[in-house]
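Colleague: I'd like to ask you about the structure that follows.
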Amino acid sequence: MKLSLVVPCYNEEGNVEFFSKEVEKTFKKQKIDYEIIFVNDGSKDNTMSKLREIVKTSKQNIKVICFSRNFGKESGIYAGLKASKGDYVCVIDADLQQRPNYVLKMVNILDENPDYDSVVAYQEKRREGKMLSGFKKSFYKLINKVSDTKFREDASDFRTFRRYVVDSVLELKEYYRFSKGLFSWVGFNNYYMPYEVEERNSGKTTWSFWGLFKYAIEGIVSFSTAPLKLATIIGLFLSLFTSIYLIIVVIEKLLFSIAIPGYATIVVLILLIGGIQLLCLGIIGEYLARTYVETKRRPIYITREVISNEKK
Ligand code: UDP
Ligand code: MG
1 MKLSLVVPCY NEEGNVEFFS KEVEKTFKKQ KIDYEIIFVN DGSKDNTMSK
51 LREIVKTSKQ NIKVICFSRN FGKESGIYAG LKASKGDYVC VIDADLQQRP
101 NYVLKMVNIL DENPDYDSVV AYQEKRREGK MLSGFKKSFY KLINKVSDTK
151 FREDASDFRT FRRYVVDSVL ELKEYYRFSK GLFSWVGFNN YYMPYEVEER
201 NSGKTTWSFW GLFKYAIEGI VSFSTAPLKL ATIIGLFLSL FTSIYLIIVV
251 IEKLLFSIAI PGYATIVVLI LLIGGIQLLC LGIIGEYLAR TYVETKRRPI
301 YITREVISNE KK
C-alpha cells in the first residue's frame with residue numbers, strides 16, 4: 001500500500017460522502033494504491049451510517065474505526081496512524097477545508113525528494129479575525145520561548161509522513177496528545193508546502209475561543225516545564241526585595257524613629273503575595289493533574305467497532 005489517508009470525523013454527516021467522492025476523483029487517474037481510514041470520533045449525528053454506506057458502496061479501500069465516545073481529534077489521529085498500512089500516511093480533515101489534490105502534491109514531493117521525511121501544509125493567508133490571529137501569534141511566541149521543541153506558527157495538522165515518522169509518533173504513547181508538538185518533537189526533515197484553506201463544506205467548526213485557549217495551555221504544559229520555574233523565580237525576587245525593605249524599615253525606625261508604614265501597605269502585600277502563591281500552586285496543580293492522569297495509563301481511545309471493505 002502506497003498511501004493511507006487518516007480522516008478524523010466528528011459530526012461530519014454532511015461531509016464524509018463528498019470527501020470520499022472527491023478523493024476518488026482526485027486519485028482516479030493516478031496509479032497509487034491507497035486506503036482511506038475514517039475515524040468516527042463518537043459523532044452524535046448520522047456520520048456512522050453514512051460511513052457504513054461508503055464502506056458498502058465505494059470501490060476504494062475504506063476502513064472505519066468507530067470510537068465508543070468522543071475522544072478528540074488527537075486520539076482520532078493516533079488511532080488512524082496506528083491502523084494505517086501505507087508507506088506514506090496523510091492526516092487530513094473530513095470537512096474538505098483541505099482539498100485532496102494537495103495530497104497528490106505532498107506525495108509527489110516525497111517521491112521526488114528522498115531527503116524529506118514529511119510534508120507539512122501551511123496556510124499562506126489565514127482566514128480569521130485580527131484578534132484570534134493576534135492571540136495565536138502571541139501563543140507561538142510564548143511556546144517557542146519556553147519550549148525546546150520548536151513550533152512553526154502557520155503549520156497545520158494537514159501533513160503527509162513517511163512510514164518511519166508515523167512509527168516514531170506512535171511510540172509516544174502519552175494520553176495528552178498535542179499533535180503539533182508530537183510531530184515536531186520526533187524531529188526529521190519537514191518540507192513546508194503552502195496551501196489555501198477552503199470554507200467548510202458543511203457543518204461548523206468544533207473550536208470555540210475557550211477550547212482554543214485550553215488547547216494552548218495544553219501545548220505549553222505538555223512541551224515545557226518552564227512555568228514550574230516561575231514559582232522559584234518570583235520567590236527569589238520577592239525574598240530579595242523583602243530583605244532590602246526590611247533593612248530600610250529597621251534603619252528608619254532606629255535612626256529617624258519614623259512610624260512603620262501602616263495598614264494599606266500590609267493589606268496590599270498580603271493580597272499580592274497570596275495571589276502569587278495561589279498562581280504558583282495552580283501551575284504546579286496543572287502539571288500534577290497531568291502526571292496523575294498519565295500514571296493511570298488509560299487507553300488513548302476505545303474502539304466500538306471496525307468495519308472495512310478490504311480485498312475488494
Ligand atoms: N474532529 C474530531 N474530533 C473532535 C473534533 C474534531 O475528530 O472532537 C475532526 C473533525 O471532524 C474534522 C477535524 O477534526 O475532520 C477538524 O475539526 P474542525 O473542522 O472542527 O476544526 P478546524 O478545521 O476549524 O480547525
Ligand atoms: Mg475544519
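Per our numbering, the sequence shown starts with residue 1, numbered consecutively.
Glycine included, each C-beta is placed from N, C-alpha and C at the ideal position.
Quantities reported herein were computed from a predicted structural model and do not represent experimental measurements.
Do asparagine 309 and asparagine 61 have their beta-carbon atoms positioned less than 8 Å apart in this structure?
Modeller: yes
Colleague: Using the three-state DSSP reduction, which class does phenylalanine 194 fall into: helix, strand or coil?
Modeller: The residue you asked about is not phenylalanine; residue 194 is proline in the sequence shown. Correct three-state label for proline 194: strand.
Colleague: Could you please give the first and the last residue of the uninterrupted beta strand (DSSP E) stretch that includes isoleucine 62?
Modeller: 61–67
Colleague: Hey, would you say the C-beta of aspartate 45 is under 7 Å away from at least one heavy atom of ligand 2?
Modeller: no
Colleague: Who pairs with isoleucine 314 in a beta bridge, going by DSSP?
Modeller: The structure shown has nothing for residue 314, since the chain only spans 1 to 312.
Colleague: Let me check you understand the geometry: is the CB of arginine 290 closer than 7 Å to at least one non-hydrogen atom of ligand 1?
Modeller: Checking the Cβ of arginine 290 against ligand 1 gives no.
Colleague: Have a look at the DSSP bridge pairing and note the partners of valine 89.
Modeller: Ser4 and Phe161
Colleague: Any heavy atom of ligand 1 inside 7 Å of the beta-carbon of aspartate 148?
Modeller: no
Colleague: Out of Gly129, Asp87, Glu174 and Phe135, state which residue places its alpha-carbon closest to the alpha-carbon of aspartate 117.
Modeller: With distances taken between Cα atoms, aspartate 117 lies closest to Asp87.
Colleague: Cα separation between glutamate 305 and valine 197?
Modeller: 32 Å
Colleague: So, does the region 150–158 touch the region 89–98, judging by three or more C-beta pairs under 8 Å?
Modeller: yes
Colleague: Taking 7 Å as the cut-off, is the C-beta of asparagine 70 nearer than that to any heavy atom in ligand 1?
Modeller: yes
Colleague: Helix, strand or coil, according to DSSP, for alanine 94 in the structure here?
Modeller: Alanine 94 falls in the coil class under three-state DSSP.
Colleague: Are isoleucine 37 and serine 4 close, meaning C-beta to C-beta below 8 Å?
Modeller: yes
Colleague: In its own chain, which residues sit with a C-beta less than 6 Å from the C-beta of asparagine 70, not counting the 5 before and 5 after it?
Modeller: Asp41 and Gly42
Colleague: Using only the heavy atoms of ligand 1, determine whether one of them is closer than 7 Å to the beta carbon of lysine 125.
Modeller: no
Colleague: Can you list every residue whose CB sits closer than 6 Å to some heavy atom of ligand 2, going in chain order?
Modeller: Asp93, Asp95, Gln97, Arg200 and Thr205
Colleague: How long is the line joining the alpha carbons of alanine 357 and isoleucine 244, rounded to whole angstroms?
Modeller: Since the first residue of the chain shown is 1 and the last is 312, residue 357 is not available in this structure.
Colleague: Using only the alpha-carbon positions, how far apart do glutamate 218 and aspartate 115 sit?
Modeller: One Cα belongs to glutamate 218, the other to aspartate 115, and the distance between them is close to 32 Å.
Colleague: Taking tyrosine 195 as the reference, which of Arg126, Lys59, Leu142 and Glu13 has the closest Cα?
Modeller: Arg126
Colleague: Taking phenylalanine 178 as the reference, give the member of Arg290, Glu124, Gly14 and Tyr122 with the closest Cα.
Modeller: Arg290
Colleague: From this set, Lys180, Thr225 and Met193, which residue's C-alpha is nearest serine 318's C-alpha?
Modeller: This structure cannot settle anything about residue 318, because the visible part of the chain is limited to 1 through 312.
Colleague: Out of Phe67, Asp33, Val120 and Met48, point me to the one whose CA is closest to glutamate 12's CA.
Modeller: Met48
Colleague: Would you tell me roughly how many angstroms separate the C-alpha atoms of isoleucine 247 and isoleucine 266, rounded to the nearest one?
Modeller: 16 Å
Colleague: Between threonine 26 and chain B, is the shortest Cβ-Cβ distance under 8 Å, so that the two count as touching?
Modeller: Absent from the structure is chain B; it holds one protein chain and no more.
Colleague: Does the beta-carbon distance from serine 321 to glycine 181 come in below 8 Å?
Modeller: This structure cannot settle anything about residue 321, because the visible part of the chain is limited to 1 through 312.
Colleague: So does the region 159–176 actually touch the region 126–145, counting three or more Cβ pairs closer than 8 Å?
Modeller: With the cut-off at 8 Å, the region 159–176 and the region 126–145 do not touch.
Colleague: May I ask whether a heavy atom of ligand 1 can be found less than 7 Å away from the beta carbon of proline 194?
Modeller: no
Colleague: Looking only at C-alpha atoms, which of Arg200, Tyr191, Val169 and Phe67 sits nearest to tryptophan 185?
Modeller: Nearest of Arg200, Tyr191, Val169 and Phe67 to tryptophan 185, Cα basis: Val169.
Colleague: Once you ignore the five residues that flank valine 103 on each side, which residues in its own chain have a CB closer than 6 Å to its CB?
Modeller: Cys90
Colleague: Taking 7 Å as the cut-off, is the beta-carbon of lysine 50 closer than that to any non-hydrogen atom of ligand 1?
Modeller: no
Colleague: Which same chain residues end up closer than 6 Å to glutamate 128 when comparing Cβ atoms and leaving out the 5 residues on each side of it in sequence?
Modeller: Closer than 6 Å at Cβ, skipping near neighbours: no residue.
Colleague: Spell out the partners DSSP gives threonine 303 in its beta bridges.
Modeller: Phe67
Colleague: Expressed to the nearest angstrom, what Euclidean distance is found between the alpha-carbon atoms of lysine 50 and threonine 205?
Modeller: Lysine 50 and threonine 205: Cα-Cα distance of roughly 19 Å.
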